[in-house]
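Here is the structure we will look at, set down as structure tokens.
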Amino acid sequence: MSGVIRTAMNPEVFDLLFDESRLQRLHALAGATRLPIDDGDIAGTEILLTSWGAPRLDAGMLRRMPRLRAVVHAAGSVQGLVSEELWERGITVTSAADANAVPVAEYTFASIILAFKRAFVHMRTPARVLEWGDLVGSRRYGSVGRTVGIVGFSRIGRRVVRMLGQLDDVRILVADPFVSPDAVEEAGAELLPLDEMLGQVDVLSLHAPALPETRHLIGAAQLAALRDGATVINTARGWILDHEALYAECASGRLDALLDVTEPDPLPADAPLRALANVALTPHIAGSMGTEARRLADSALDDVEALLRGGRLSGVITRRDMELSA
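The sequence shown begins at 7 in this note's numbering and counts up one residue at a time.
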């Protein structure tokens, strides 16, 4: 494939993704430093390089690009980008979701380690004076003999499972109706139905997509099934967790929570969850941030090069994938 390569993303995002070396690589592939979608006639566009801030590729936008053959997304989810018209035209779509999964998995793994020590709770209450001797005997602390539940054996969920395999005497359970027990076992975990898993875990980490059927997947009944002292970690989508039910459990002191995503995102300043010392909120920072965004550029440039030179695409997304992922 050859032809005009254009970009569609916020200017600030472009600058974040493409440092000098990556800009030079883009120039070598595209034959121009930058050809944004909003600059001039786009009818000749064959490859569209997108990221955060790209417009939805609906029928009207696609009519302006009759030669478009591929969309290379230098970010994770393409949910807000693709349309039925795009699939009907048979346009190839790739995503840097695998690259974006790396920092989310790292952040989740670090959060699980800190949850074993209730570190976030102590960070939220610095005025409370405690000594080592006050806590050393508490059975709410420590990783040895613990069980972690992973909801969703996604790109990120699989990475978290592999990372958890480094820990001594930590059991890993997975709930996902779309994967085989053999695949989960090979990764070092055990597949169980969600309802069967919940009562066994000390940390519940959410990695399910935001789909109609996952709305409040973790609600009052599921939270009530967790062991006393368990921690809920959400680095996926706020959509899948019932925040009112979570507030009730955390306000009682029975559960702790670390939420990198919420509904709405971010939560209002006066949201009840913000007032709880055992609920830590971070502003959707688990995904690619700052210099980590360069991984997304590398992934996208690899796919652009593959399209131009007949190589293998690394992150192809199909219509069927959209039914199972966010």
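Even for Gly, the Cβ is constructed at its ideal location relative to N, Cα and C.
Could you spell out where the alpha helix (DSSP H) holding isoleucine 118 opens and where it closes?
One-based indexing of the sequence shown puts residue 118 at position 112. 103-122 is the extent of the alpha helix (DSSP H) around isoleucine 118.
Apart from the five residues on each side of it in sequence, which residues of its chain come closer than 8 Å, Cβ to Cβ, to isoleucine 291?
The sequence position of residue 291 within the sequence shown is 285, counting from 1. Listed in chain order, the non-local C-beta contacts of isoleucine 291 below 8 Å within the same chain comprise Tyr113 and Asp266, local neighbours out to five positions each way being set aside.
Cβ-based burial, proline 72 [other Cβ within 10 Å; buried from 16]:
Start at 1 with the first residue of the sequence shown, and residue 72 comes out as number 66. Result: exposed.
On the DSSP bridge assignment, give the partners of isoleucine 156 in chain order.
On the sequence shown, residue 156 is found 150 positions in, with the first residue counted as 1. Val180 and Ser211.
Per DSSP, what are the beta-bridge partners of histidine 79 in this structure?
For the purposes of this step, residue 79 is taken as residue 73 along the sequence shown, with counting starting at 1. BP columns for histidine 79 point to Thr56 and Ser101.
Work out the CA separation of proline 274 and proline 61 for me, nearest whole Å.
Taking the sequence shown and counting its residues from 1, the one referred to as residue 61 is at position 55. Taking the sequence shown and counting its residues from 1, the one referred to as residue 274 is at position 268. The alpha-carbon atoms of proline 61 and proline 274 are separated by roughly 27 Å.
May I ask you to report which of helix, strand or coil DSSP gives alanine 275?
Taking the sequence shown and counting its residues from 1, one reaches residue 275 at position 269. Coil, per DSSP.
Evaluate valine 157 with the Cβ neighbour count: other Cβ atoms within 10 Å of its Cβ, from every protein chain shown; 16 or more gives buried, anything less gives exposed.
As a first step, residue 157 is located in the sequence shown; it is residue number 151 there, counting from the start. Buried is the label assigned to valine 157, since at least 16 other Cβ atoms lie within 10 Å of its Cβ.
Contact set for alanine 231: own chain, Cβ-Cβ below 6 Å, skip 5 residues either direction
Position 225 of the sequence shown, counted from the first residue, corresponds to residue 231. Excluding sequence neighbours, alanine 231 sits near Leu204 and Gly205.
Rounding to the nearest angstrom, what Cα-Cα distance links leucine 319 and leucine 313 in this structure?
As a position in the sequence shown, residue 319 is number 313, starting the count at 1. As a position in the sequence shown, residue 313 is number 307, starting the count at 1. Straight-line Cα distance between these residues: approximately 7 Å.
Looking only at its own chain, which residues have a Cβ that is under 7 Å from the Cβ of valine 10, when we skip the five neighbours before and after it?
To locate residue 10, count along the sequence shown from 1; it is residue 4. If we look at valine 10 and ignore the five residues flanking it on each side, its Cβ neighbours are Leu41, Gly50, Thr51 and Glu52.
Span separating the alpha-carbon of serine 160 from that of alanine 102
For the purposes of this step, residue 160 is taken as the residue at position 154 of the sequence shown. For the purposes of this step, residue 102 is taken as the residue at position 96 of the sequence shown. Serine 160 and alanine 102: Cα-Cα distance of roughly 14 Å.
Considering aspartate 262, what are the terminal residues of the alpha helix (DSSP H) in which it resides?
On the sequence shown, position 256 is the one that residue 262 refers to. Careful: aspartate 262 lies outside any alpha helix (DSSP H), inside the beta strand (DSSP E) at 262-265.
Spell out the partners DSSP gives valine 322 in its beta bridges.
Numbered from 1 along the sequence shown, position 316 holds the residue referred to as residue 322. In DSSP, valine 322 forms a bridge with Thr100.
Bridge partners - proline 42, DSSP secondary structure assignment
Within the sequence shown, the letter at position 36 stands for residue 42. Answer is Thr13, bridged to proline 42.
C-alpha distance - glycine 259 paired with alanine 193, whole-angstrom precision
The residue labelled residue 259 in the question sits at position 253 within the sequence shown. The residue labelled residue 193 in the question sits at position 187 within the sequence shown. The alpha-carbon atoms of glycine 259 and alanine 193 are separated by roughly 33 Å.
Kindly identify the DSSP beta-bridge partner or partners of threonine 237.
Mapped onto the sequence shown, residue 237 falls at position 231. Paired residues: Val209 and Asp262.
Of the residues Gly321, Thr13 and Thr220, the one placed nearest glycine 37, counting alpha carbons only:
To locate residue 37, count along the sequence shown from 1; it is residue 31. Nearest option by C-alpha distance: Thr13.
DSSP state of glutamate 90 mapped onto helix, strand, coil
The sequence position of residue 90 within the sequence shown is 84, counting from 1. The answer is helix: DSSP assigns glutamate 90 an H, G or I state.
Mapping the DSSP letters down to three states, classify glycine 196 as helix, strand or coil.
Against the sequence shown, residue 196 aligns to sequence position 190. The question names glycine, yet the displayed sequence has glutamate at residue 196. For glutamate 196, the secondary structure class from DSSP, reduced to helix, strand or coil, is strand.
Give me the Cα-Cα distance between alanine 189 and arginine 164, rounded to the nearest whole angstrom.
Your numbering for residue 189 matches position 183 in the sequence shown. Your numbering for residue 164 matches position 158 in the sequence shown. So the two alpha carbons sit approximately 10 Å from each other.
Going by Cα to Cα distance, which pick from Ile246, Ala236 and Asn240 is closest to glutamate 255?
Sequence index remark: in the sequence shown, residue 255 carries index 249 (1-based). Ranking Ile246, Ala236 and Asn240 by Cα distance to glutamate 255 puts Ala236 first.
Counting along the chain, where does the beta strand (DSSP E) carrying leucine 282 start and finish?
Position 276 of the sequence shown, counted from the first residue, corresponds to residue 282. Neither: leucine 282 is in no beta strand (DSSP E) and is coded neither H nor E.
Among the residues of its own chain, which have a CB less than 6 Å from the CB of valine 285, if the five just before and after it don't count?
Mapped onto the sequence shown, residue 285 falls at position 279. Around valine 285: Cys256, Ala263 and Leu279.
Using a Cβ distance threshold of 8 Å, determine whether the stretch 92-109 contacts the stretch 239-251, with at least three qualifying pairs required.
Fewer than three Cβ pairs drawn from the stretch 92-109 and the stretch 239-251 lie within less than 8 Å of each other, which leaves the two stretches out of contact.
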